[in-house]
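Right, one structure below, let's go through it.
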Amino acid sequence: MSSNAITIPGTQIEARPWVDELHQWVTTVDHKRLGILYILSALLFLAIGGVEALIIRIQLMRPHNDFVSPEVFNRMFTMHGTTMIFFVAMPVLFGFANYLVPLMIGARDMAFPRLNAFSFWLSFLGALLLYFSFLGGSGLYGAGNAPDVGWWSYAPLGARAFSPGHSSDYWTLALLVSGFGSIGTAINIIATILCLRCPGMKINRMPLLVWMNLVMAGMVLIAITPLSAAQIMLLIDRYLGGHFFDTQAGGSAVLWMHFFWIFGHPEVYILIIPCFAFMSEIIPVFSRKPIFGYPVMVAATVCIAFVSMSVWAHHMFTIGMNSYANSFFTLTTMVVGIPTGIKIFNWIGTMWGGRIQFKTPMLFSIAFLFQFLIAGLTGIMMAASPFDWQLSLSYFVVAHFHYVIVGGILFALFGAFYYWYPKMTGRMLSERLGKWHFWLFFIGFHLTFDVMHIPGILGMPRRIYTYEPGRGWDTLNFIITIGAFIQALAILVFLANLVISYFRGARAGNDPWDAWTLEWSVSSPPPAYNFATVPTVSSRRPLWDLKHPEDPDSRYE
Amino acid sequence: MSTVTTTPSFPNPATEWHLPSRGKVAMACLIIAESAIFTIFVVAYLFYLGKSVTGPTPREVLETPIFYTICLLSSSLTIHLAAKSLERDYRRLFLLSWMLTIALGGLFLFGTAQEWHRLIYARGLTISTNLFGTTYYSLVGLHAFHVTAGLIMLSLVAIFGFAGRVGMDQSGRVAVLSMYWHFVDAVWVVVFTVVYVLGR
Amino acid sequence: MLKMKSSTLRLLAQTTLLFFWAAMTAWASEPKVSPSNGTNIFAPASTPAKSIADLSVFVLVVTGLIFAVVFTLLLYSVVKFRGRAKDAGREPAQVYGSTQIELAWTIIPILIVVVLFLATARIIHAIQDAQEPADAIQVTAIGHQYWWEFRYPRLGIVTANELHIPVSDPSHPTPTFLQLLSADTDHSFWVPELAGKTDLIPNHPNRMWMDPQRTGIFFGQCAQYCGTQHAKMLLRVSVDTPEDFAAWVRAQQSPAVEDTSAIAGRRVFESNACMNCHAVAGTPADGRFGPDLTHLMSRTTIAAGAANNTHDNLRLWIQDPSAIKPGSLMPSMKLSDADLDAVVTYMETLR
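Below you can see the structure in the form of structure tokens.
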């Protein structure tokens with residue numbers, strides 16, 4: 312099953328000793344292997360972050376619970392958030408981008424294979440550094456020295472005065488290091504897309520996944536770097552006696568918030584845009600129609616990228632900005648919903664008039680549309696800043712962003728897994744286990760996150776390790792916890808599917824889904840060099856042209 | 296099947312398919328990312344002007360480094376000359392202007408070091424003195440760090456140059472490195488304006 | 002047949018969830034009649050909270066309509082255009098797009114945004130730019146890890162954790178305007194039924210106001226993560242009738258009760274480090290790091306709401322604060338039992 316093997320039917324190639332195989336993986340610069348490494352590392356941290364979430368939910372199951380101490384609880388939500396954003400979501404999306412982009416543009420690898428490997432290992436090092444914090448300080452007792460300042464480490468809580476010891480430093484350094492890895496990957500993606508497209512693949516003929524990863528990479532360049540800058544400033548404060556965020560010396564706690572959210576808001580679009588990419592590949596194939604409105608989808612994505620750089624202070628509506636600032640950010644936040652909504656309409660337009668096949672990737676995609684719609688609408692609610700003065704910092708916000716991240720991003724990712732796993736491994740994932748995975752996760756997700764909006768409306772703030780009984784929050788929290796366990800069960804089914812299908816799944820062949828982009832023209836898994844001859848394309852769906860020579864797309868573009 | 300056939304209407308790819316050079320695209324991306332980092336430090340600097348609670352103010356202690364600024368900005372000219380010479384394989388002119396660039400860059404760093412020495416020992420301004428100290432040393436220091444990194448890269452090329460390994464075929468890579476150097480100079484124009492012109 | 006079953010199941014699941022969600026929202030927006038323990042943003046008892054609630058209902062209606070339309074389209078397309086066995090092998094008409102449709106579903110959202118924005122901007126200005134009337138009650142709230150300091154500058158009162166304000170008569174409003182400061186890190190003042198939340202940020206004074214329309218006790222808590230015991234930095238606002246409020250003010254303005262039977266306890270208080278952090282008006286104790294104790298017994302709870310103000314809790318708190326609020330910044334004073342009892346007796350005289 313080595314991706315280095317040339318698939319010659321009927322010929323057996325002797326398997327290498329496992330040490331050599333391991334060495335190959337550790338020293339690889341092949342974009343496909345690095346993609347898989349990113350994905351595997353993300354799955355590992357998904358499991359760890361999930362356990363942290365379950366600890367949080369058990370503690371909150373009933374009021375005045377004492378499953379964990381407040382110190383441990385505060386470390387749990389800090390680590391859960393940091394892990395999920397930086398060591399699950401970003402790596403898994405970079406992993407898919409790494410794997411798919413060169414294949415989809417007819418290239419043999421990324422523009423800078425060694426930079427690719429370096430970026431991956433930097434990311435992984437960042438994750439190890441963050442988790443090493445559990446062993447620092449007083450060791451595993453009391454969850455060691457793990458950071459407990461929240462994943463955003465507001466000033467002055469992150470300063471030496473309020474966070475003595477090294478817990479904050481692990482957080483800062485882990486993100487700084489993996490941030491440089493992200494920038495490296497972004498540079499690589501852009502250079503690959505702009506410089507390595509196969510002949511005929513003009514910029515308006517690239518698959519939407521390629522377009523969206525290009526936009527995402529551009530955003531990474533200007534969104535991750537403000538966080539890096541802020542973290543350098545924090546380190547200067549903590550170690551060189553600087554006063555960037557030292558309110559006693561005239562410094563501003565609000566400045567940290569601005570810098571953090573100038574990163575933080577575009578970051579969530581960096582996470583969702585590749586998921587839009589997955590949807591734009593999967594929904595057309597399973598509706599048997601091309602994407603509705605390709606140019607509009609591109610324009611909307613670029614629009615989102617620009618507008619999203621101007622909305623950051625909607626995370627700061629309660630900090631006391633004046634009414635003009637609040638109005639401005641209300642407006643821009645509502646405006647960014649317009650191109651996003653247009654994309655939802657275009658996906659529905661793709662399904663309209665089609666012949667929908669309800670395979671597992673499509674189930675996850677339809678659920679994505681439903682959930683992302685709701686998440687976007689709760690976002691519009693919070694865009695209205697007076698409404699946000701009540702909803703902000705409460706469980707309504709937690710429900711909203713988990714709706715986007717789990718209901719949107721994770722569902723889209725599951726779809727991507729089921730869709731491209733055959734290409735990566737040569738085996739189909741089990742449809743039966745897939746449907747179990749889908750329904751269990753769907754039910755658990757809605758049980759948890761639909762209900763979670765209500766404690767927010769009833770006044771339950773975030774980041775609290777316990778709460779008072781009799782405010783109407785008790786039963787709701789209990790139900791939320793039950794849903795979390797159902798989701799955990801679904802994840803186990805998913806992981807089992809990944810493993811079992813690897814050994815016993817049906818053989819996939821080149822093109823199990825009858826799809827239209829270049830990655831389906833090579834074997835599953837592809838050979839190390841991807842394409843024996845560099846292809847030439849003349850439309851957005853090269854394989855459609857091949858399969859329907861009497862009615863090629865090139866006639867209509 | 297791993298190839299897709301063309302339709303007859305598509306022109307011959309060998310002659311008509313031109314894409315930008317990956318080195319230039321990557322360096323442009325790096326420059327964009329670095330600009331974002333510098334922007335945040337500049338914003339912090341401007342935001343904190345006049346907000347120091349104690350200690351020396353910019354007006355009291357800063358001396359405009361005209362000479363060293365001229366050094367650094369001229370180094371852009373010399374590196375441009377170097378890159379152009381290499382395109383035409385004028386190796387000696389290339390090496391001369393390249394070394395001149397390094398010397399001018401080194402002179403700039405020396406000037407910064409001298410300025411910092413004076414500020415710390417004669418004027419008592421350190422990174423922890425007040426907001427001005429923190430933002431000044433961070434911004435100028437971040438730039439100096441980028442100059443240093445650039446000088447290291449330039450020196451590496453110089454070593455290979457003296458060993459006779461840098462010729463016309465390497466002019467693309469040299470051009471990419473000179474993009475970085477121009478960026479460092481452009482940042483200095485901004486930092487200079489913010490710190491020594493606006494900030495006083 | 003399996004395909005049909007999936008889609009019908011999905012249809013059912015989505016519809017059920019839709020109703021579930023709608024029902025939950027409706028249930029949650031029911032005004033809670035009893036003010037006790039109520040922290041429902043849709044049960045406003047004060048002018049700014051009411052303006053927010055009204056705007057919120059409008060936004061909910063608009064977003065609800067958007068949801069209904071888009072969801073219906075999604076549901077319809079999933080049901081109507083599902084692939085049937087007889088279609089296998091034939092591709093549907095390959096439609097690439099439609100400029101008119103794209104224009105339509107761009108223009109309509111723009112119009113919706115304009116309407117929502119204008120409605121919202123009006124309320125932003127109404128709340129944030131409200132003028133402070135001459136007879137408003139002025140309170141300075143200072144956030145600490147993990148308690149609230151309240152000062153009434155015009156009335157010369159210093160208290161902690163439990164705020165008393167008068168109910169406001171619509172014909173002659175007496176709103177309460179708060180200046181929000183912080184002694185350490187970021188906090189947020191949130192009493193949902195009285196106002197939206199505003200943060201307390203060091204070196205960044207903020208301002209908010211409340212205009213309660215009915216009497217009662219209103220609950221809230223710190224909403225910005227401020228450290229280990231952020232969860233137990235509770236708020237209790239007592240909206241009193243004007244007469245009750247005046248009586249409370251008079252009691253708070255009076256000097257500390259001097260009860261000679263508690264002289265032993267007072268000596269323990271003043272000779273241990275208690276004075277470094279706490280103040281009792283009229284005595285040498287003038288510490289500001291911890292809550293002012295002059296009228297401790299006028300408060301219903303201690304430790305910022307973490308425990309009721311009873312003899313046993315008070316004793317336990319002084320003996321070992323981490324038993325009630327681990328991570329609290331008050332150290333255990335390690336008093337002997339005799340000293341402890343004496344000090345508690347003294348505390349209980351501070352009415």
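Protein chains in written order, with our numbering: chain P, 312 to 868; chain V, 296 to 495; chain H, 2 to 352. No residue lacks a Cβ here, since even glycine has one placed at the ideal position from N, Cα and C. Being a predicted model, the structure only gives us computed values, none of them experimental.
Would you list the one or two residues that DSSP bridges to residue i?
| i | result |
| --- | --- |
| T216/H | Answer is none; T216/H lacks a bridge partner. |
| S189/H | D200/H |
| P772/P | S705/P |
| Q139/H | F178/H |
| M211/H | T177/H |
| V240/H | I166/H, G217/H |
| R818/P | R738/P |
Looking at C-alpha atoms only, which residue of the options is the closest neighbour of residue i?
| i | options | result |
| --- | --- | --- |
| T671/P | M590/P, A616/P, W700/P, F603/P | M590/P |
| T643/P | G660/P, I615/P, Q701/P | I615/P |
| V168/H | I53/H, D313/H, R316/H, D245/H | D245/H |
| I327/V | A497/P, F752/P, G631/P | A497/P |
| P327/H | V383/P, Y714/P, M517/P | V383/P |
| L390/V | V485/V, G445/V, S371/V, I454/V | I454/V |
| K319/V | D341/P, H342/P, F423/P, M387/P | F423/P |
| N821/P | F570/P, V596/P, S832/P, R815/P | S832/P |
Terminal residues of the continuous beta strand (DSSP E) containing residue i?
| i | result |
| --- | --- |
| S183/H | 177–183 |
| H165/H | 163–167 |
| D384/V | No beta strand (DSSP E) holds D384/V; DSSP gives it neither H nor E. |
| Y153/H | 148–153 |
For residue i, name the three-state secondary structure that DSSP assigns.
| i | result |
| --- | --- |
| V452/V | helix |
| S35/H | Residue placement at S35/H is flagged as unreliable, the pLDDT there being 35, under the threshold of 50; a coordinate-derived value is accordingly withheld. |
| D480/P | helix |
| H859/P | coil |
| H279/H | coil |
| S47/H | strand |
| E325/P | coil |
| I361/V | helix |
| S832/P | helix |
| E103/H | helix |
| Y77/H | helix |
| V159/H | strand |
Starting from residue i and walking both ways along the alpha helix (DSSP H), at which residues does that stretch end?
| i | result |
| --- | --- |
| N657/P | 634–662 |
| A265/H | 264–272 |
| L420/V | Per DSSP, L420/V belongs to no alpha helix (DSSP H) and is neither H nor E. |
| G552/P | Careful: G552/P lies outside any alpha helix (DSSP H) and carries neither H nor E. |
| D785/P | 785–815 |
| M421/P | Counting along the chain, M421/P falls outside any alpha helix (DSSP H), and DSSP gives it neither H nor E. |
| L341/H | 338–350 |
| A354/V | As written in the sequence, residue 354/V is Arg, which differs from the Ala given in the question. From DSSP, the alpha helix (DSSP H) with R354/V extends over 353–356. |
| F384/P | 381–393 |
Could you check the C-alpha separation between residue i and residue j for me, to the nearest Å?
| i | j | result |
| --- | --- | --- |
| S473/V | T536/P | 23 Å |
| Y706/P | M771/P | 6 Å |
| I369/P | A795/P | 9 Å |
| A170/H | R215/H | Looking at the sequence provided, one finds Asp at residue 170/H rather than Ala. Cα-Cα distance, rounded: 9 Å. |
| V140/H | L344/V | 32 Å |
| T661/P | L857/P | 21 Å |
| A526/V | N310/H | Residue coverage of chain V in this structure runs from 296 to 495, which leaves residue 526/V outside it and unanswerable. |
| A120/H | H126/H | 11 Å |
| Y813/P | A826/P | 22 Å |
| K233/H | A307/H | 6 Å |
| S183/H | G144/H | 5 Å |
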